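Per my numbering, residue 1 is the first one in the sequence shown, and the count goes up by one each step.
We put the CB at the ideal spot given by N, CA and C, even for glycine.
Since the structure is predicted, the reported quantities are computational estimates derived from the model, not experimental observations.
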Amino acid sequence: EIERVLVEHPGVAQAVVVVRGDRQSDKRLVAYVVPEPDSAVVDADVQADEWRQVYDDSYADSGDETWGEDFQLWRSSYDGEPIPREQMLEWQDTAVARVLEFAPRRVLEIGVGSGLLLAKIVGEVEEYWGTGVSATMVDRVRAQAEQAGYGDRVWLNAQAADDVSGLPRAGFDTVVLNSVVQYFPSVEYLDRVLREAMELLAPGGRVIVGDVRNATTLRVLLTAVQRAEHPHASHEELRTLVEKALLAERELVVAPEWFTEWARDHAGGVDIRLKSGSVHNELTRHRYEVVLYKEPADVLDLAGVPAVPWGREVFDLADLGRHVDRAGGSPVRVTGIPNARLVAEVAEANSAGVLNAAAPSGTPLDPEEFAAWARSQGRNAVLTWSGESIPAFEAVLLPEQRTGHRTVSGTFVPGGVGGRARANNPALAKSIGPLLAELPEYLRGRFPEYMVPSAVVPLSEIPLTPNGKLDRRALPSEYTSTVGSREPRNSHERKLCSLFSELLVVERVGIDDDFFALGGHSLLAARLSTRIRNQFDVDVPLRTIIQYPTVAELAALLLTGSIPVDHADPFEVVLPLNSDPGTGKSPVWFFHGGGGLGWAYFSFVLHLQDRPAYALQARGFDGTDSLAGSVEEMVDDYVTRMLDIQPEGPFYLIGWSYGGTVAHAVAEALDRRGHHVAFVALLDCEPGSGFETHHVGKDWSDYRVELEDVFGQYINTGNQVHFLDTMSKVMANNMSIMMEFESPIYHGDVLYFDAALDDDSYAHLWRPYVRGSLEVYDVRATHNDLHMPASVAEIFEVINSKLEK
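And the structure:
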């Protein structure tokens with residue numbers, strides 16, 4: 001029954017609930033959930049901005065590298081160290097050779113980066129066009145090309161991968177996307193980029209997609225990475241680490257099958273191959289090359305080539321040589337060849353229970369050695385993945401004269417590896433924390449406390465036995481702070497772990513732990529910002545903590561000095577709560593509480609991913625603006641400022657406590673002026689007439705004592721006394737003018753959230769002031785805890801469903 005209710009949640013695709021514990025006294029329910037991949041979305045513009053910042057920061061001081069040999073962004077996933085230069089040079093040589101194999105004349109590279117391919121190819125072509133997300137990098141590469149004497153054949157521009165403005169339609173014989181697909185926000189974005197790229201090709205041209213990260217081997221890679229970082233972890237701990245790493249994967253990984261299916265509808269042929277390279281590293285083990293053809297004239301389709309299975313019909317190269325001789329000039333496909341690059345990592349993953357991949361028969365072969373053997377036999381070996389076995393590869397052996405410049409298609413043949421994910425969803429990495437915070441409260445609203453699981457564990461997939469039943473032994477342990485998060489590696493990470501632990505009252509924190517997933521909220525984040533300033537003498541804006549919530553992310557910003565500049569004044573009347581995601585949707589407006597500030601809403605917008613958001617804050621914190629003389633004046637001021645940013649509706653308004661009373665009044669004012677108000681949510685608040693009951697006879701000193709109790713533990717600025725004094729005066733004024741205010745009658749609909757754990761309920765008091773529908777929802781929280789992660793998640797489960805409609 002618990003499983004059924006969990007899968008009814010829009011953020012959950014699958015769920016399993018089991019009983020854990022060896023002793024009766026230790027029995028506990030644990031829920032394992034697979035997040036719904038379509039429930040999380042990464043905005044392409046936001047992601048492009050993030051990668052633009054990475055490039056700008058990383059290459060700001062790189063002036064000494066040889067043109068086309070700047071590999072500083074390339075680091076090993078296994079140990080974090082730079083990939084050796086000689087390995088990167090081989091990687092570059094093979095990528096360049098693949099492009100030049102087609103003798104291109106007019107090339108477009110989408111994602112030109114630091115010019116690693118351009119520098120080596122431009123001398124062999126008539127024109128080289130390129131786009132990149134970073135204007136800094138594009139300008140730098142352009143200057144290098146001009147200095148090298150290629151300015152007359154190079155055209156570069158800073159624009160996103162899916163932006164083809166200024167590029168000639170059907171103007172290129174080759175479009176290259178090398179090692180950029182992993183930075184795309186989704187496969188939907190990849191689909192859009194590839195469609196546009198095909199339109200830019202002349203008939204007979206090709207799109208070369210290089211260095212694609214393989215979704216099929218992702219578990220293998222992450223097992224090896226986690227084993228390298230945690231050499232003494234048990235198998236159960238390793239499974240937990242891998243599951244967490246899978247869900248935290250922020251890069252796009254794509255299986256070869258996705259390209260095969262895409263080409264079926266959009267290309268004239270597709271050629272998928274292993275990466276060339278003599279070195280065994282993550283680039284040769286877990287990445288691959290794709291060529292998509294447009295209207296090819298002469299196609300050599302290898303999909304139907306007769307297959308000979310390795311380990312069953314041929315057992316070694318000598319045996320294979322005799323078989324090929326008997327085939328004469330006909331192509332031969334060899335299947336199930338044990339891949340020497342992967343067998344050790346697959347064995348580790350199998351041993352830990354992360355994977356259940358049958359080992360192919362025979363001695364493992366290195367793909368490069370196999371290709372060299374084929375050449376010695378007068379054959380060309382086209383090497384690709386096995387569609388049947390993860391630790392195996394396939395080879396199609398062709399007489400060398402049969403290939404030439406012909407279009408080769410059907411190299412990779414999808415097989416019977418069941419349940420292969422075609423691609424991941426990088427957006428899940430940012431949505432897991434809010435989902436885990438939301439689910440316990442979601443269940444408490446439907447079950448008694450004893451039926452609410454003690455832990456909710458996210459999984460990338462439910463482990464199954466070969467006969468399709470739940471594999472309980474493969475379920476990872478419950479996530480704890482001691483498993484799944486790496487130990488601090490430097491003094492910055494140690495200090496931040498200590499700060500997280502102290503503020504969140506958690507015994508141990510690792511560098512991968514998320515501040516908000518551990519129970520943090522916006523007020524604690526404000527205090528963390530202050531503590532970071534005291535510890536490191538660096539200002540880290542609250543917005544930055546929300547955007548980079550793990551110890552590892554914050555430490556990296558501190559170490560590199562690349563903390564994003566937040567130009568927003570935290571005391572400004574209109575406070576931006578997030579970056580505009582660029583969806584074109586109308587913003588959501590939040591209204592301050594009695595204290596006058598909207599900072600609490602920073603944690604609310606974690607659940608609001610596709611709209612800009614602003615908080616309206618009281619005047620007077622700057623020491624120069626006058627305090628509002630009446631609520632009517634306040635409302636008029638806020639409406640004017642809102643219309644400056646959003647001249648017309650629809651308007652979406654949310655207010656908590658005092659802010660709810662203001663939001664209702666703003667809704668009425670906008671409606672009265674003829675603007676469309678689409679949504680109003682009031683969070684546990686009273687109409688204006690109810691304030692006198694609680695606040696009559698109080699002055700600023702009374703509020704000063706109250707704010708010291710609530711805010712003093714969070715705000716620890718160098719001028720704390722002045723801050724609390726100012727806030728007390730703002731609050732005293734706000735309450736004074738509200739006691740003289742009569743809430744107007746609003747003719748629209750209102751969504752009301754009641755703090756169900758408090759004795760008093762105010763929902764019924766709003767009926768005389770709302771002419772439309774008044775829809776009431778109970779939230780399992782007190783009034784003062786409505787900003788806590790679980791409460792916010794519960795509230796936004798309702799709000800987001802309404803906004804989608």
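Identified DSSP bridge partners for residue i
i	result
arginine 106	Glu127
tyrosine 752	Leu682, Val776
asparagine 157	Thr131
tyrosine 293	Arg206, Gly269
threonine 335	Pro309
tyrosine 288	Val212, Leu274
arginine 227	According to DSSP, which records beta bridges pairwise, arginine 227 is partnered with nothing at all.
proline 576	Tyr614
asparagine 178	Gly210
phenylalanine 172	Leu201
tyrosine 32	Val16, Val457
tyrosine 442	Answer is none; tyrosine 442 lacks a bridge partner.
alanine 423	Val254
Nonlocal neighbours in the same chain, by C-beta distance under 7 Å from residue i, ignoring five residues either side
i	result
glutamate 126	Arg105, Arg106, Arg153
leucine 670	Val639, Phe651, Val677
glycine 418	In this prediction, glycine 418 has a pLDDT of 46, which is less than 50 and means its spatial position is unreliable; what the coordinates show is noted afterwards. Cβ neighbours of glycine 418 beyond the five flanking positions: none.
glutamate 243	Leu459, Ser460, Pro476
Beta-carbon contacts of residue i that lie in its chain and below 8 Å, excluding the five residues immediately before and after
i	result
isoleucine 745	Glu668, Pro768, Tyr769, Val770, Arg771
histidine 235	Ser351, Ala352, Gly353
leucine 100	Ile121, Glu124
tryptophan 385	Asn214, Thr216, Pro256, Ile272, Leu274, Tyr288, Phe393, Glu394, Phe412
arginine 195	His266
glycine 690	Tyr762, Leu765
aspartate 754	Asp684, Ser761, Tyr762, Ala763, Val776, Tyr777, Asp778, Val779
leucine 504	Phe515, Leu518, Gly519, Gly520, Leu524
threonine 223	Leu238, Val242, Glu345, Glu348, Ala349, Ala352, Val354, Leu355
Neighbour-count burial assignment, residue i, 16 or more Cβ in a 10 Å radius
i	result
asparagine 339	buried
phenylalanine 393	buried
leucine 577	buried
isoleucine 532	buried
serine 626	exposed
glutamine 144	buried
lysine 294	buried
alanine 228	exposed
serine 701	exposed
asparagine 534	exposed
aspartate 93	exposed
serine 330	exposed
Where residue i falls: helix, strand or coil (DSSP)
i	result
threonine 217	coil
glutamine 144	helix
glutamine 14	strand
isoleucine 208	strand
threonine 465	coil
asparagine 350	helix
proline 82	strand
glycine 718	With a pLDDT of 46 at glycine 718, under the threshold of 50, the modelled position of that residue is not reliable, and no figure is offered here.
tyrosine 548	coil
arginine 771	coil
tryptophan 589	strand
aspartate 93	helix
Close Cβ partners of residue i (< 6 Å) along its chain, the five nearest in sequence each way excluded
i	result
aspartate 163	none
valine 187	Ala423
glycine 718	Legend: pLDDT at glycine 718 = 46, less than 50; position of this residue unreliable, no value from coordinates given.
glutamate 493	Ile511, Val551, Ala555
leucine 597	Gln617
leucine 542	Ala525, Ala526, Ser529, Phe602
alanine 13	Val34, Glu36
glycine 269	Tyr293, Pro296, Val299, Thr407, Ser409
leucine 317	Trp373
tryptophan 91	Leu283
proline 463	Asp471, Ala474
What are the start and end residues of each continuous alpha helix (DSSP H) run of 4 or more residues lying completely inside the region 627-709, in chain order? Along the length of the region 627-709, whole alpha helix (DSSP H) runs at least 4 residues long occupy 631-645, 658-672, 691-695, reported in chain order.
Every unbroken beta strand (DSSP E) within the region 360-409, with a cutoff of 3 residues, ordered by chain: Runs of the beta strand (DSSP E) inside the region 360-409: 379-385, 392-399, 407-409.
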